[in-house]
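2 protein chains.
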Amino acid sequence: MSLRHATLGLLVEMDGASGYDLLKMFEITMGNVWQATQSQLYGELNKLTTDGFIEVASEGPRGRKEYRVTEAGHGELRRWLLEVPPKVVRRDEILLRLFFLGQVEPDEAAGFVREQVVALDKRLADLGELENTINWDDANLSFYGRLAMEYGKRFMTMRREWYEWVLGEMAERDAVKE
Amino acid sequence: MSLRHATLGLLVEMDGASGYDLLKMFEITMGNVWQATQSQLYGELNKLTTDGFIEVASEGPRGRKEYRVTEAGHGELRRWLLEVPPKVVRRDEILLRLFFLGQVEPDEAAGFVREQVVALDKRLADLGELENTINWDDANLSFYGRLAMEYGKRFMTMRREWYEWVLGEMAERDAVKE
DNA sequence: CAGCTCATGTAATACGTTACATGATTAC
DNA sequence: GTAATCATGTAACGTATTACATGAGCTG
């Protein structure tokens, strides 16, 4: 049920927005935090409306609907933030592959890890670029968004170091085998 | 489609097993990597059989079915490992909450972060315990499993340090406000 | 023989992805 | 006037969670 709360939270921070606006916000600021597709978002907005957590504040051109969080919605968000224990979902495709890399040749395994390093460096660069692009005008989004961004950096750096370490371990093992 | 490959990979490493055995293996060794529920696993085993990637090698007491990976299954696993680009899903409920912590009082927000630290310490302790429990007899599972475990440790440690840093940032901000 | 563990399955529901579909408005 | 952008929606399918259901075999 977290898409629901991500939507509510963003709507509060943005002080009202359309589905289209929200979608962009998900792409830009929430890339490292929570993904959402267009279909999913529009569906959720309708459900949130039915449940009374948001309402259509005004309608604009091209069928645009500007949503706003209701009192009930603020309550729900607060309840979720403080009372619902976070559910940690652990599913990492890269780690999963690593687990089974013993089933291919050592050089193929090392190649896989090196590809991940390249991909990671690209993402780190993208993150740096994003950091410069973002308009940190909202006080809350700015403070907490910056914390999340720092997390992203630390996470990728940790991952990079671990990859290097893995390559070292692999090299060592293969050297011993000779 | 990764449950499929997690199942194939584990079946290869275990050199054949029942759904029940696999389920335990998922719980014990794959906790930090890939979660699976009982329903999901049994369903996937039947689909894998239909698709010819695994087969029932023998049947035991209580309707037990011992599965084994077929040639086609080995090929599929190899293909997935080396040719299918890993899909990174970024959804982190804790980070998501952090993003919106500006919407509750500062002390409530700090309380939330502190709770996460406690939960993390518990998981780190569990991981250490798990490390001692595991029977690292299979050469591949031992080598790659150890790499994955090291990842788990580094990940949690990074996270812990970041939480500390977050608490520091929060304290600083609140001090400035006075 | 009672209770535990082993062992598999299904049904309902929720959540997520991909693709398709449509049309209004704006900018050039 | 045509291309790009804004804007929303639905349908089909795949994946995941929860709960229910059932029974065989082992242990004391």
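Read top to bottom, the protein sequences are chains A and B. Just so you know, UniProt numbering puts 160 at position 160 of the first sequence, and the rest follows in order with no gaps. Just so you know, UniProt numbering puts 117 at position 117 of the second sequence, and the rest follows in order with no gaps. For each residue, glycine too, the CB sits at the ideal point set by N, CA and C.
Looking at chain B, is there any beta carbon in it that lies within less than 8 Å of the beta carbon of residue i?
i, result
"D51 of chain A", "no"
"M25 of chain A", "no"
"K65 of chain A", "no"
"N46 of chain A", "no"
"N32 of chain A", "yes"
"P106 of chain A", "no"
"A6 of chain A", "yes"
"V89 of chain A", "yes"
"G73 of chain A", "no"
"Y151 of chain A", "yes"
"G9 of chain A", "yes"
"V166 of chain A", "yes"
"Y20 of chain A", "no"
Does residue i come out as helix, strand or coil in the three-state DSSP assignment?
i, result
"V176 of chain B", "helix"
Name the two residues that bound the continuous alpha helix (DSSP H) containing residue i.
i, result
"S58 of chain B", "Not the alpha helix (DSSP H): S58 of chain B falls in the beta strand (DSSP E), residues 54-59."
What is the residue span of the beta strand (DSSP E) that residue i lies within?
i, result
"V12 of chain B", "It is not in any beta strand (DSSP E) - V12 of chain B instead sits in the alpha helix (DSSP H) that spans 2-14."
So, does the CB of residue i fall closer than 8 Å to a CB anywhere in chain A?
i, result
"L147 of chain B", "yes"
"D92 of chain B", "yes"
"M14 of chain B", "no"
"Q103 of chain B", "yes"
"L81 of chain B", "yes"
"V118 of chain B", "no"
"S2 of chain B", "yes"
"K122 of chain B", "no"
"R97 of chain B", "yes"
"L77 of chain B", "yes"
"R154 of chain B", "yes"
"R173 of chain B", "yes"
"P86 of chain B", "yes"
"Q35 of chain B", "yes"
"E169 of chain B", "yes"
"Y42 of chain B", "no"
Consider the C-beta atom of residue i and the heavy atoms of the ligand NAD; say whether any pair is separated by less than 7 Å.
i, result
"P106 of chain A", "The ligand NAD is not among the ligands present in this structure, which contains no ligands whatsoever."
Validate contact between the segment 84-93 of chain A and the segment 8-19 of chain A using beta carbons, cut 8 Å, 3 pairs:
no
What runs of the alpha helix (DSSP H), each 4 residues or longer, lie entirely inside the UniProt domain "Transcription regulator PadR C-terminal" (91-169) of chain A?
Secondary structure in the UniProt domain "Transcription regulator PadR C-terminal" (91-169) of chain A: the alpha helix (DSSP H) runs of 4 residues or longer, each lying completely within the stretch, are 93-99, 106-133 in chain order.
Starting from the N-terminal side, write out each stretch of the alpha helix (DSSP H) that is 4 residues or longer and does not extend beyond the segment 17-87 of chain B.
19-29, 38-50, 71-83
Would you check if there are 3 or more beta carbon pairs closer than 8 Å linking the segment 146-158 of chain B to the segment 25-45 of chain B?
yes
Does the count of Cβ pairs from the segment 93-113 of chain A and the segment 158-167 of chain A closer than 8 Å reach three?
yes
Report yes or no: do the segment 93-103 of chain A and the segment 64-84 of chain A share at least 3 C-beta pairs separated by less than 8 Å?
With the cut-off at 8 Å, the segment 93-103 of chain A and the segment 64-84 of chain A do not touch.
For the segment 56-69 of chain B against the segment 14-27 of chain B, are there 3 or more C-beta pairs whose distance is under 8 Å?
yes
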